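Here the structure is laid out as structure tokens; the discussion comes afterwards.
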Amino acid sequence: KSELMAIAAMIGATSLFGFHTIPCHKDVPSLAFIIGGRNYTFEKDDLVVERVAGICILGLQEMPASLSGSNMWILGDVFMRKYYVQFDWGQQRLGFALARHPSDNFV
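Using my numbering, read the sequence shown as starting at 2 and increasing by one per residue.
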């Protein structure tokens, strides 16, 4: 059983045409990815990429086992909508910060 299938089962998601879905009215526990020892937490609204007729499509995806023998995760737009990602090619590192959105009211 893949990691994604285990997570989907824990939050009550079902697979539909290759996508993981939940009823939009359903409560879902938060999900955290640990990167570099820090938790990056996502709530249901962070994970939903589309709502169709009361069904919420989740933006969770993994790639099959690579040459290293372990599955790789595609964090993609679900991650980058919530967290700003700074790519530092010169130092070969990434930096993360909570993203600001136009709806944020900063004084």
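Every residue gets a Cβ at the ideal spot worked out from N, C-alpha and C, and that includes glycine. These numbers were taken from a predicted model, which means no experiment stands behind them.
On a Cα-Cα basis, can you pick out the residue from the options that is closest to residue i?
i	options	result
residue 31	100, 17, 49, 38	49
residue 17	81, 80, 61	61
residue 84	38, 15, 97, 75	97
residue 25	35, 33, 45	45
residue 56	63, 40, 36, 15	15
Drop a sphere of 10 angstroms on the beta-carbon of residue i, count the other beta-carbons inside from all chains shown, and report buried for 16 or more, exposed for fewer.
i	result
residue 86	exposed
residue 59	buried
residue 21	buried
Taking the alpha helix (DSSP H) that residue i belongs to, which residues open and close that run?
i	result
residue 12	4-12
How far does the beta strand (DSSP E) with residue i in it reach, from first residue to last?
i	result
residue 49	49-53
residue 80	Careful: residue 80 lies outside any beta strand (DSSP E), inside the alpha helix (DSSP H) at 77-83.
Within the 8 Å Cβ cut-off, does residue i reach chain B?
i	result
residue 45	Among the chains of the structure shown, chain B does not appear; only one protein chain is present.
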